Amino acid sequence: MARRGSVIKKVGLSGVAWAIGFLLFFPILWTILTSFKSELDAFSYPPKFLVFDWTWENYEVIQQRSDYIGFAVNSLILSLGSSLLALLFAVPAAWAFAFAPGRRRKDTLMWILSTKMMPPVGALIPIYLIFRDTHMLDTRTGLILVLMLMNLPILVWMLYSYFKEIPEEIVEASRLDGAGLWQEIIFVLLPMAVPGIASTLLLNIILAWNEAFWTLNLTTTEAAPLTAFIASYSSPEGLFWAKLSAASTAAIAPILILGWFAQKQLVRGLTFGAVK
Amino acid sequence: MGRVTLQNLAKQFGDVVVIPDASLDIPHGEFVAFVGPSGCGKSTLLRLIAGLEDASGGKILIDGVDMAHTPPARRGLAMVFQSYALYPHMSVRGNIAFGLRMARMPPDQIAARVEGAAKMLNLTDYLERKPRHLSGGQRQRVAIGRAIVREPKCFLFDEPLSNLDAALRVQMRLELMQLHQSLDATMIYVTHDQIEAMTMADRIVVLNHGRIEQQGAPLELYHRPQSLFVAGFIGSPRMNFITGAAAAKCGATTLGIRPEHILLEPLAAAATATAMPQSPPIWPEGIAGKIALVEHSGADSYLHVDSEMGRLVVRCDGDYQGGVGRPVSLWPHSAKLHKFDQHGMSMNHATQG
Ligand SMILES: Nc1ncnc2c1ncn2[C@@H]1O[C@H](COP(=O)(O)OP(=O)(O)OP(=O)(O)O)[C@@H](O)[C@H]1O
Ligand SMILES: [Mg+2]
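Residue numbers (our numbering), protein chains in the order written: chain A, 5 to 280; chain B, 52 to 404.
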């Protein structure tokens, strides 16, 4: 009796979970469906769910009207470049916090995180002016720098929490074995932290890919990534739902696919400390 | 060479003074054990010598050169940790070779040394395995192998055997002693297990709250403890302590007598006549008591006796038949009596030389 009760409970819970999952996913699904409709079908009421004339037309139009590949390449360069660059700074910082703590470790960590709490608009004007005067507006270099700085706190925190899981005695053993600072980091620390570093990198690529505030404000054409590409379709000249949907779908597809393939790694990395 | 000298070494964490002032000279080739209760600063002292902690004051001379502020890599020491601290992502070979690779030794020489160490430690069949596929004893051997290939001046061990089971511990103890004989290197060995210290060490350093309470050869500490603390720490089972009127009669605050230095009555008559004829008896009639508990360890039996002097532990023959509740009379070996004053310091040297 108790057993049957628990089975029913399980089925019920699974049902609820699936329902919530579907609800969360529905807007994305709707966007994808709409991207295959004609503009007329996209507007029709009551809305057509699956029965309509499926068409690739919107995708053809957006590739013709604007260079999707160009934007995608920018997105790729910006997200990869900023994440790798950030890693370069975050590893030594996290090492210092984990294995050579000073008296103000807690305060410094909190301060680093607190920079994430400031609304970015607050820094827009100074940064815009600096970029204008140093001719970095609409350049990939400039944007990589900004995105790197934006994600650095999260990287430092994540890496710090992974490094802290590594028994300090192993690091100390390498010091007695004659390893210098860089040898200790490269031969001992990094190989042991690979899962953590991989998921940190992945999360940051996703964050940088989706970042819209700075990319929209600091670029026009040359360095503009997919976020700018989507934005260009929410046009003032009337609503083209189907084209906007096609643009959105094309913009999120790469990161969605990457996320899908990497989700195991991502979950493993994110729960590294909790589950072990 | 591997001579380690500590001069007024001090360490504090913030406001907490862990090592107030330690001075110690360890000549080349000696096997020294640091013992003491948990939290007395044994590991801290070892880590200071290793360079893993920064000294707050004082000097650490290694072969006459002050290295108190030299990074661990350049002190020429090797350490074996309680947790083994092997590199999990490297094979056994990689673990043992790591220190040599860091020293930029040519690969063929590294290979030769690793093979040599592996042979010595029975690890030849496991060289390509990762540490997580090894047993505790094998991991410990890898950790030792990692230390010996570097041919350090001095080995540091921090409770290296405490994660092993009892049988393996005894075996590794012997292997370490053999290693010490064949390597001719200085070894500093931290343990809270006084039997390990007694059996392995040339010299024992007893620590109490970060101070060196007493140091000396194992038997010297056993026979001539300078304080109550050392007397209670060295020897197993623990020394019996008697306070009150009986102690006052001897002019002491506390009397100490080891379980192996008390005789049981049937033998007592003969023993008092022969073994200790000159010793002035404090208890001419013996101490009367009742057996409260018997521990049989095979070779010996330990009787816990409730007497007018409190609970006393007595060692007697392994075949001892008497059971709980039996009245006995105890005859302490007067020459083996330790007397301590009100500060817990030994009075024996003053009276007996
Ligand atoms: N990093 C630290 N910060 C503050 N106090 C510390 C630190 N490391 C050690 N201590 C303190 O120093 C004292 C000695 O510690 P230590 O580890 O040397 O003891 P131990 O003799 O090795 O004990 P055990 O036998 O349990 O290993 C302890 O009271 C401990 O709390
Ligand atoms: Mg310790």
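Cβ coordinates follow ideal geometry from the N, Cα and C atoms, glycine included. Remember, it's a predicted structure, so these values are computed and weren't measured experimentally.
*asked:* Given a cut-off of 8 Å on the beta-carbon distance, is the pair B:THR250 and B:ARG224 in contact?
replied: As a first step, residue 250 of chain B must be located in the second sequence, where it is residue number 199. As a first step, residue 224 of chain B must be located in the second sequence, where it is residue number 173. It is a contact, given that the beta carbons lie within the stated cut-off.
_Run through chain A and tell me which residues come within less than 7 Å of B:HIS140, C-beta to C-beta._
Indexing the second sequence from 1 puts residue 140 of chain B at position 89. Chain A residues near B:HIS140: PRO195 and MET196.
_Using a Cβ-Cβ cutoff of less than 8 Å, which residues in the same chain neighbour A:SER238 once the five nearest sequence positions on both sides are dropped?_
Looking up residue 238 of chain A in the first sequence gives position 234. Closer than 8 Å at the Cβ level, and outside the excluded window around A:SER238, lie LEU248.
_So B:LEU128 contacts chain A; which residues on that side make the cut at Cβ distance below 7 Å?_
Taking the second sequence and counting its residues from 1, one reaches residue 128 of chain B at position 77. Correct list: LEU180.
*If you measure from the beta carbon of B:ALA252 to each beta carbon in chain A, is any gap under 8 Å?*
Indexing the second sequence from 1 puts residue 252 of chain B at position 201. It does not: the Cβ of B:ALA252 has no partner Cβ on chain A nearer than 8 Å.
*Is the region 121-133 of chain B close to the region 201-214 of chain B, with three or more CB pairs under 8 Å?*
Result yes; three or more Cβ-Cβ pairs closer than 8 Å.
_Can you give me the C-alpha to C-alpha distance between B:ASP34 and A:VAL271, rounded to a whole angstrom?_
As shown, chain B starts at 52 and ends at 404. That puts residue 34 of chain B outside it, with no answer to give.
*Three or more beta-carbon pairs under 8 Å between the region 289-309 of chain B and the region 347-365 of chain B, yes or no?*
At 8 Å Cβ cutoff, the stretches touch.
*Please check if any C-beta of chain A sits within less than 8 Å of the C-beta of B:ARG180.*
In the second sequence, residue 180 of chain B corresponds to position 129, counting from 1. No, B:ARG180 does not count as interfacial toward chain A.
_First through last residue of the alpha helix (DSSP H) which encompasses A:LEU117_ = Translated into the one-based positions of the first sequence, residue 117 of chain A becomes position 113. Annotation for A:LEU117: the continuous alpha helix (DSSP H) segment containing it runs 109-118.
*asked:* So with CB distances below 7 Å, who are the chain B contacts of A:ILE201?
replied: Taking the first residue of the first sequence as 1, we reach residue 201 of chain A at position 197. For the C-beta of A:ILE201, not a single chain B residue is nearer than 7 Å; the gap to the nearest is close to 13 Å.
*Is there at least one Cβ from chain B nearer than 8 Å to A:TRP186's Cβ?*
The residue you call residue 186 of chain A lines up with position 182 of the first sequence. Answer no: the Cβ-Cβ gap between A:TRP186 and chain B never drops below 8 Å.
*Would you say B:ASP392 and B:GLY369 are within 8 Å of each other, going by their C-beta atoms?*
The count along the second sequence starts at 1 and reaches residue 392 of chain B at position 341. The count along the second sequence starts at 1 and reaches residue 369 of chain B at position 318. No. Outside cutoff.
_Contact residues within the region 154-183 of chain A, judged by C-beta distance below 8 Å to chain B_ = PRO171, GLU173, ILE174, GLU176, ALA177, SER178, ARG179, LEU180, ASP181, GLY182 and ALA183: these are the residues of the region 154-183 of chain A whose beta carbon lies less than 8 Å from some beta carbon of chain B, given in chain order.
_Under 9 Å (Cβ pairs) to chain B, residues found in the region 53-77 of chain A_ = Considering only beta carbons, no part of the region 53-77 of chain A lies closer than 9 Å to chain B.
*Residues of chain A with a CB under 9 Å from the CB of B:SER134: which are they?*
Here residue 134 of chain B corresponds to residue number 83 of the second sequence, with the count starting at 1. In chain order, PRO171, GLU173 and ILE174 make up the part of chain A whose C-beta sits under 9 Å from the C-beta of B:SER134.
*Are there 16 or more other CB atoms within 10 angstroms of the CB of B:HIS120, so buried, or fewer, so exposed?*
By 1-based counting over the second sequence, the position of residue 120 of chain B is 69. So B:HIS120 ends up on the exposed side.
*Would you call the region 226-234 of chain B and the region 255-263 of chain B in contact, with 3 or more CB pairs under 8 Å?*
Taking 8 Å as the limit for Cβ pairs, the verdict is that the region 255-263 of chain B does not touch the region 226-234 of chain B.
_Residue range of the beta strand (DSSP E) that includes B:SER358_ = As a working note, residue 358 of chain B is residue 307 in the second sequence. Residues 351-358.
*Listed from N- to C-terminal order along the chain, which residues in the region 153-164 of chain B have their beta-carbon within a distance smaller than 9 Å of any beta-carbon of chain A?*
Those residues of the region 153-164 of chain B that come within reach of chain A (Cβ to Cβ, closer than 9 Å) are MET153 and ALA154.
*Do B:GLY90 and ligand 1 come close, with the Cβ less than 7 Å from some heavy atom?*
Counting from one through the second sequence, the residue named residue 90 of chain B turns up at place 39. Of the heavy atoms belonging to ligand 1, at least one sits nearer than 7 Å to the Cβ of B:GLY90.
_the region 77-90 of chain B / the region 240-255 of chain B touching (three or more Cβ pairs under 8 Å)_ = Touching, yes, given that three or more Cβ pairs across the two stretches are closer than 8 Å.
*asked:* Taking 8 Å as the cut-off, does the region 21-29 of chain A touch the region 47-57 of chain A (at least 3 CB pairs, one atom from each stretch)?
replied: Between the region 47-57 of chain A and the region 21-29 of chain A, the count of Cβ pairs shorter than 8 Å is below three; the stretches do not touch.
_Beta-carbon spacing of B:ALA236, B:GLY80 below 8 Å_ = As a position in the second sequence, residue 236 of chain B is number 185, starting the count at 1. As a position in the second sequence, residue 80 of chain B is number 29, starting the count at 1. Their beta carbons are under 8 Å apart, which means B:ALA236 touches B:GLY80 by this criterion.
_By DSSP's criteria, B:TRP382 is part of a beta bridge. Which residues make up the other side?_
Locating residue 382 of chain B in the second sequence gives position 331, where the first residue counts as 1. In the DSSP assignment, the residues bridged to B:TRP382 are B:LEU314.
*With a cut-off of 8 Å on the beta carbons, I'd call A:ASN208 and A:ILE158 a contact; round off their distance for me.*
Against the first sequence, residue 208 of chain A aligns to sequence position 204. Against the first sequence, residue 158 of chain A aligns to sequence position 154. A:ILE158 and A:ASN208 do touch by the CB rule: their CB atoms are close to 7 Å apart, below 8 Å.
*Using a Cβ cut-off of 8 Å (strictly closer), state whether B:ALA168 contacts chain A.*
Numbered from its first residue, the second sequence carries residue 168 of chain B at position 117. At a cut-off of 8 Å between beta-carbon atoms, B:ALA168 makes no contact with chain A.
*Entirely within the region 93-174 of chain A and at least 4 residues each: give me those alpha helix (DSSP H) ranges in chain order.*
Entirely contained in the region 93-174 of chain A, the alpha helix (DSSP H) runs reaching 4 residues are, in chain order, 109-118, 125-137 and 144-169.
*asked:* So B:GLY25 contacts chain A; which residues on that side make the cut at Cβ distance below 7 Å?
replied: Residue 25 of chain B lies beyond the residue range present for chain B, which begins at 52 and ends at 404; the question has no answer from this structure.
*asked:* For a contact defined as C-beta to C-beta under 7 Å, what are the partners of A:VAL192 on chain B?
replied: Indexing the first sequence from 1 puts residue 192 of chain A at position 188. Simply TYR138.
*asked:* Between which residues of its own chain and B:LEU212 is the CB-CB distance below 6 Å, once the five residues before and five after are set aside?
replied: What you label residue 212 of chain B is simply residue 161 of the second sequence in a count that begins at 1. These residues qualify, in order along the chain: ARG220 and MET223.
*Is A:ALA197 near A:ILE170, with beta carbons less than 8 Å apart?*
Residue 197 of chain A sits at position 193 when you count from the first residue of the first sequence. Residue 170 of chain A sits at position 166 when you count from the first residue of the first sequence. The Cβ atoms of A:ALA197 and A:ILE170 lie closer than 8 Å to each other.
*Among A:ALA254, A:MET122 and A:GLY146, nearest to A:LEU133 - alpha-carbon criterion*: By one-based count along the first sequence, residue 133 of chain A stands at place 129. Minimum Cα distance to A:LEU133 is reached at A:GLY146.
*Please work out which residues of its chain come closer than 6 Å, Cβ to Cβ, to B:LEU97, disregarding the five sequence neighbours upstream and downstream, and give them in chain order.*
Numbered from 1 along the second sequence, position 46 holds the residue referred to as residue 97 of chain B. Around B:LEU97: LEU207, ASP209 and VAL241.
*B:SER107 to B:LYS62, Cα distance in whole Å?*
On the second sequence, residue 107 of chain B is found 56 positions in, with the first residue counted as 1. On the second sequence, residue 62 of chain B is found 11 positions in, with the first residue counted as 1. Straight-line Cα distance between these residues: approximately 5 Å.
*Using the beta-carbon of each residue, which ones in chain A are nearer than 7 Å to B:ALA49?*
Nothing can be reported for residue 49 of chain B, as the shown portion of chain B is limited to 52 through 404.
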